[in-house]
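Residue numbers (the working numbering): 24 to 150.
C-beta: ideal position from N, C-alpha, C; glycine also.
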Amino acid sequence: MGLVVVLMIVAFGQTMTSVPMLFAQPSYYGQFADTGQLNKGDKVRIAGVNVGVVQGLKIDGDHVVIKFSTGSNTIGTESRLAIKTDTILGKKVLEIEPRGTQALRPNGVLPLAKAPPRTRFMTPSST
């Protein structure tokens, strides 16, 4: 009888240590030229819906790497990230535009987006 109780306690303990893994949410990374005033704890949105939070920011050479979660949502490898203003007071939000048919793996990185070339408008000079 005592052995059964001990085994039940051990089994319960093992179950409880694995429970956090059941609720673990994957993290992803995005590269940016600068932080755009985004901070740890700011919201992450897909299509206007809050799905996660910014978990951290770190400088990596000439760019910044932002760690974020998306809850139980997956995003594609071609997804685009943008830092946008959320409130009139200037609070920022990380906006995700999901793209691609292949899912980005947990701890995957969305590389630094290439900026479109700047267009120069020429006006005829007056003589």
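Cα-Cα, which of the options is closest to residue i?
i, options, result
"Q54", "R103, T108, L112, G71", "R103"
"K90", "I111, T58, G99, K114", "T58"
"I106", "T97, I98, L117", "L117"
"N73", "Q125, T124, E120", "E120"
Less than 8 Å between C-beta atoms, sequence neighbours within five positions excluded: which residues of the same chain meet that for residue i?
i, result
"Q48", "G75, S92, T93, G94, S95"
In the DSSP output, what is residue i paired with across the bridge?
i, result
"A126", "G99"
"Q60", "None, per the DSSP bridge assignment."
"G75", "V67"
Are residue i and residue j close, meaning C-beta to C-beta below 8 Å?
i, j, result
"P129", "S50", "yes"
"R122", "G99", "yes"
Determine the burial state of residue i: buried for a count of at least 16 other Cβ atoms within 10 Å of its Cβ, exposed for fewer.
i, result
"I111", "exposed"
Under 6 Å Cβ to Cβ from residue i, same chain only, skipping five residues before and after it: list those, please.
i, result
"E101", "R122, G123"
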